[in-house]
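Participant:
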């Protein structure tokens with residue numbers, strides 16, 4: 201199928217979508233068709249996006265239906281294209297595997313074949329990335345254009361499609377579009393969408409209900425606390441805390457007994473803020489205390505946060521859990537089981553390590569942050585910043601629980617990922633990751649943006665799967681300098697992109713500034729952590 205063969209497929213949709221709600225509209229629709237065909241078949245992406253915007257400006261139910269048909273078809277064609285190209289990539293990788301393995305002993309002809317295959321692989325990947333970028337731009341344009349619909353019949357059509365469309369991407373696009381415009385009736389639409397069969401749609405709906413402050417959503421937040429997907433549980437915890445729901449607190453206490461990893465911090469943190477008590481992860485202590493005070497609780501913290509006998513302060517084990525202390529990274533406790541380390545190996549990391557006069561943790565940078573307070577930290581060695589990093593990384597990774605999955609991305613002028621998938625923290629993998637970091641030499645500028653994008657690709661690898669499950673919930677970013685290279689050299693651009701990337705992933709980013717804070721833009725590091733509920737430390 202040619203790149204824009206979609207036009208022929210959609211001709212039937214356009215022909216059928218003749219407005220009947222008002223006389224005289226047929227001629228305008230015919231002209232709109234001609235204009236759309238002319239512009240959408242161009243190679244200029246800006247012109248194609250303009251064609252979509254003009255359809256949206258018609259503000260009719262038929263225009264809404266047509267845009268949704270385009271959206272579905274672009275997505276369908278993109279999925280088929282990607283599947284085909286991924287098969288090509290797999291075939292090329294398979295052919296390259298033995299050649300790469302025997303690289304040093306290749307004959308001239310084999311070396312030439314390897315170079316040819318590497319070139320073909322790069323060309324396929326570049327083409328696939330360019331096509332993906334184009335398709336995303338068009339899909340995003342359609343999603344944002346849905347916010348322009350104010351006509352009652354058009355909004356009613358969109359509402360119907362939120363519930364009835366078989367394509368989750370269509371339901372998601374409509375919901376995000378209507379939420380951005382605060383369309384009439386969007387609250388009730390979100391109430392229905394919060395029961396969606398797809399996790400991604402459910403997350404957007406619950407986030408929307410919290411933003412819109414829809415009181416009728418409280419039972420949905422309570423149910424979400426015990427959902428099977430952890431991102432939905434986070435939405436539920438946020439809603440329960442905002443509405444100070446007694447039933448929600450009961451649900452959080454029940455769920456705390458089942459949690460392991462980062463969500464223990466999210467739930468225990470919310471319970472502490474709501475009640476003024478602190479039993480840490482001890483679900484049994486929480487349950488016993490809450491059973492006594494629930495009926496008389498007035499929505500205000502009780503105070504006297506010292507736990508009664510048998511209680512465990514924040515950071516301690518939940519009932520029946522282990523008492524083993526979690527490892528730390530530059531003093532930040534690692535309770536997550538799904539981690540990516542994003543580590544600076546730019547040229548300035550070769551400079552001597554000069555920690556700030558007081559390398560302590562400033563206060564949490566965002567209300568609602570649930571990360572445990574950092575431990576006192578001292579560098580385990582003196583030397584260059586990259587030597588300090590390597591020592592700290594080895595100390596941390598060597599203590600990771602085997603149940604943890606993790607990955608490592610280093611960045612300087614470019615970025616490099618240790619493995620293409622998340623890895624279990626087996627002894628062998630821990631040793632291999634430590635060796636990977638030890639081999640890095642400081643070089644180039646500070647391309648943090650591209651490295652973070654790679655980390656979020658890992659975090660979102662499940663987004664296209666029917667059985668949605670994000671693979672990362674916590675990222676640790678270490679840097680000694682301000683971003684100045686790559687696709688996103690501006691800190692504000694990185695903040696904007698992280699907000700976009702993290703809409704569904706719900707990843708916490710903890711940031712570590714190493715050395716003189718005049719070099720790494722502490723305000724940016726604080727914002728990056730704060731917007732995700734993480735912690736920023738100076739080291």
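In our numbering, the protein residues as written are 201 to 739. All C-beta atoms in this analysis are idealised placements derived from N, C-alpha and C, irrespective of residue type, glycine included. Keep in mind the model is a prediction, meaning the values are calculated, not measured.
Using DSSP with H/G/I as helix, E/B as strand and the rest coil, what is residue 366?
Facilitator: Here residue 366 corresponds to residue number 166 of the chain shown, with the count starting at 1. Here residue 366 sits in coil by DSSP.
Participant: How many Å lie between residue 660 and residue 541 at the Cα?
Facilitator: Counting from one through the chain shown, the residue named residue 660 turns up at place 460. Counting from one through the chain shown, the residue named residue 541 turns up at place 341. Spanning the two alpha carbons is a distance of roughly 16 Å.
Participant: Assign residue 433 to one of two classes, buried (16 or more other C-beta atoms within 10 Å of its C-beta) or exposed (fewer than that).
Facilitator: Indexing the chain shown from 1 puts residue 433 at position 233. Result: buried.
Participant: Report the three-state DSSP secondary structure of residue 665 (helix, strand or coil).
Facilitator: What you label residue 665 is simply residue 465 of the chain shown in a count that begins at 1. The predicted position of residue 665 is uncertain, since its pLDDT is 49 and thus under 50; no value can be drawn from it.
Participant: Using a 10 Å radius around the Cβ and a threshold of 16 neighbouring Cβ atoms, would you call residue 627 buried or exposed?
Facilitator: As a working mapping, residue 627 is identified with position 427 in the chain shown. Residue 627 is exposed by the Cβ-count criterion.
Participant: Tell me which residue opens and which closes the beta strand (DSSP E) that residue 708 is part of.
Facilitator: Locating residue 708 in the chain shown gives position 508, where the first residue counts as 1. Per DSSP, residue 708 belongs to the beta strand (DSSP E) from 708-713.
Participant: Is it right to say residue 345 is buried, meaning 16 or more other beta carbons lie within 10 angstroms of its own, or is it exposed?
Facilitator: One-based indexing of the chain shown puts residue 345 at position 145. With 16 or more Cβ atoms within 10 Å of its Cβ, residue 345 is classed as buried.
Participant: Taking contact to mean at least 3 C-beta pairs separated by less than 8 Å, is the segment 490-504 in contact with the segment 469-477?
Facilitator: A contact exists between the segment 490-504 and the segment 469-477.
Participant: Look at the alpha carbon of residue 403 and the alpha carbon of residue 374, and state the distance between them as a whole number of angstroms.
Facilitator: Translated into the one-based positions of the chain shown, residue 403 becomes position 203. Translated into the one-based positions of the chain shown, residue 374 becomes position 174. Going from the Cα of residue 403 to the Cα of residue 374 covers about 14 Å.
Participant: In its own chain, which residues sit with a C-beta less than 7 Å from the C-beta of residue 242, not counting the 5 before and 5 after it?
Facilitator: As a position in the chain shown, residue 242 is number 42, starting the count at 1. Result list for residue 242: 248, in chain order.
Participant: Under three-state DSSP, which class holds residue 452?
Facilitator: Stepping through the chain shown from its first residue, residue 452 is reached at position 252. Helix at residue 452.
Participant: Using the C-alpha atoms, what's the distance from residue 425 back to residue 408?
Facilitator: Indexing the chain shown from 1 puts residue 408 at position 208. Indexing the chain shown from 1 puts residue 425 at position 225. Between residue 408 and residue 425, the C-alpha separation is close to 16 Å.
Participant: So residue 643 and residue 547 are supposed to be a Cβ contact under 8 Å. How far apart are they, rounded?
Facilitator: Your numbering for residue 643 matches position 443 in the chain shown. Your numbering for residue 547 matches position 347 in the chain shown. Contact flag correct, Cβ pair sits at about 6 Å.
Participant: Can you give, in chain order, each stretch of the alpha helix (DSSP H) that sits fully within the segment 351-406 and has at least 4 residues?
Facilitator: With a minimum length of 4 residues, the continuous alpha helix (DSSP H) runs that stay inside the segment 351-406 are 352-364, 368-381, 386-393.
Participant: Apart from the five residues just before and just after residue 387, which ones in its own chain have a Cβ nearer than 6 Å to its Cβ?
Facilitator: As a first step, residue 387 is located in the chain shown; it is residue number 187 there, counting from the start. So the qualifying residues of the chain are 412, 414.
Participant: For the segment 277-353, which segments carrying the alpha helix (DSSP H) assignment without a break, of at least 4 residues, lie completely within its bounds, in sequence order?
Facilitator: The qualifying runs are 308-345.
Participant: Can you give the Cα-Cα distance for residue 256 and residue 291, rounded to whole angstroms?
Facilitator: Taking the first residue of the chain shown as 1, we reach residue 256 at position 56. Taking the first residue of the chain shown as 1, we reach residue 291 at position 91. Going by the C-alpha atoms only, they are around 42 Å apart.
Participant: For residue 405, which residues in the same chain have their Cβ closer than 7 Å to its Cβ, ignoring the five residues on either side in sequence?
Facilitator: Taking the first residue of the chain shown as position 1, residue 405 is located at position 205. Closer than 7 Å at Cβ, skipping near neighbours: 375, 390, 393, 394, 396.
Participant: Could you spell out where the beta strand (DSSP E) holding residue 611 opens and where it closes?
Facilitator: Here residue 611 refers to the residue found at position 411 of the chain shown. Element bounds for residue 611: 605-611.
Participant: My output table needs one value for residue 624: the three-state DSSP class, helix, strand or coil.
Facilitator: One-based indexing of the chain shown puts residue 624 at position 424. In the structure shown, residue 624 sits in a strand (DSSP, three-state: E or B).
Participant: Are the segment 591-611 and the segment 634-650 touching, with three or more C-beta to C-beta distances below 8 Å?
Facilitator: Yes, the segment 591-611 is in contact with the segment 634-650.
Participant: Between 605, 334, 452, 530, which lies nearest to residue 245 when the distance is taken from Cα to Cα?
Facilitator: The residue labelled residue 245 in the question sits at position 45 within the chain shown. The option with the nearest alpha carbon to residue 245 is 334.
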